[in-house]
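Residue numbers (the numbering used here), protein chains in the order written: chain A, 9 to 131; chain B, 234 to 415.
Structure, rendered in structure tokens:
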């Protein structure tokens, strides 16, 4: 019998030895596995490019381009917010001018009864 | 990941027991190895897990030896079992008989005999020198090829072959001395 034959003959015995592990040890092994699985986070793949694990970017196996892609959504969000803030920029002077050019005097808006009348649903 | 760990946990435990000769430490080692794999390599393809896990497990066993400083335990056992040194009795593998039976014990007597054989094999494996046992387990139990075994053990392929050869001859010699045929 050569070495490989001998090794292959030993394998079933070793398998049997592993299968014969006691119930207590098996239970503890199962508990250890569950503990390990608590620490395990299923990788999230975004567009097949990045892996995000527990809030941490795992970029070990990705190229520089792919790493840069990770930050693309954040950059896009910042750009959209910046653009929106520019669009919404209303000049307070214009508001004052509109208020002053109305027929209604500004003091009318300070009148409690007039404000409650404005709040009522119309006809 | 869970399925993979479930499939290897018992073998990993027995490997650790063979190495450290103590169940509590073996459980700690396996738990540590499983935790490391789950924490550090969650995104690895399933095909890479066996090799990775074996590397982590073997490192954990080595760490245990470093910490506990019990490296010489197996050499004492080796001496007791007469595994050390060369002799002129010929190649024990040449005279090992191969039984073609299915290894399923038919009677209580057979079961007793099989449990005795299993215990003898376990003792012989435990008594192997650390590197020989590691190489033998990885090659013939985990069925890694020589190259993969070398990667896990951090040595050359030639060393793996040498360790495996010595381990198989040592085991065959011990089993033959006990009148055991596989």
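All C-beta atoms in this analysis are idealised placements derived from N, C-alpha and C, irrespective of residue type, glycine included.
Taking the alpha helix (DSSP H) that residue 374/B falls in, what are its first and last residues? No alpha helix (DSSP H) contains residue 374/B, which DSSP labels as neither H nor E.
Where residue 10/A sits in the DSSP three-state scheme: coil
Is it right to say residue 31/A is buried, meaning 16 or more other beta carbons lie within 10 angstroms of its own, or is it exposed? exposed
My guess is that residue 244/B and residue 40/A are in contact by the Cβ rule of under 8 Å, so how many angstroms apart are they, rounded? No, residue 244/B and residue 40/A are not in contact; Cβ-Cβ is about 14 Å, not under 8 Å.
Between which two residues does the alpha helix (DSSP H) carrying residue 283/B extend? 282-301
Of the choices 385/B, 411/B and 367/B, whose alpha-carbon is the least far from that of residue 398/B? 367/B
Within 8 Å, do at least three Cβ pairs link the segment 270-285 of chain B to the segment 251-258 of chain B? no
Chain-ordered chain A contacts of residue 238/B [CB-CB under 8 Å]: 41, 44 and 45
Measuring only between beta-carbons, confirm whether residue 398/B sits less than 9 Å from chain A. yes
Name, please, each residue of chain A whose Cβ falls closer than 8 Å to the Cβ of residue 351/B. 21, 24, 25 and 28
Given residue 265/B as reference, the closest of 284/B, 280/B, 294/B and 282/B once Cα atoms are compared: 294/B
Going straight from the alpha carbon of residue 104/A to that of residue 115/A, what length do you get? 13 Å
Chain-ordered residues of the segment 261-288 of chain B with a beta carbon less than 8 Å from chain A: 263, 264, 267, 268, 270, 271, 272, 275 and 276
Where do the N-terminal and C-terminal ends of the alpha helix (DSSP H) with residue 417/B fall, by residue? Here chain B comprises residues numbered 234 to 415, so residue 417/B is not present and cannot be evaluated.
Grouping DSSP H, G and I as helix and E and B as strand, with all else coil, what is residue 254/B? coil
Quick check on residue 408/B: does DSSP put it in helix, strand or coil? helix
Reduced DSSP secondary structure (H/G/I, E/B, other) of residue 342/B: helix
Between the CA atoms of residue 14/A and residue 401/B - distance to the nearest angstrom: 7 Å
Whole-number beta carbon distance between residue 375/B and residue 291/B, since they are thought to touch under 8 Å: No, residue 291/B and residue 375/B are not in contact; Cβ-Cβ is about 10 Å, not under 8 Å.
Strictly under 9 Å for the Cβ-Cβ distance: is residue 92/A near chain B by that measure? no
Of all Cβ atoms in chain B, is any one closer than 9 Å to the Cβ of residue 71/A? no
How big is the Cα-Cα spacing for residue 257/B and residue 348/B? 22 Å
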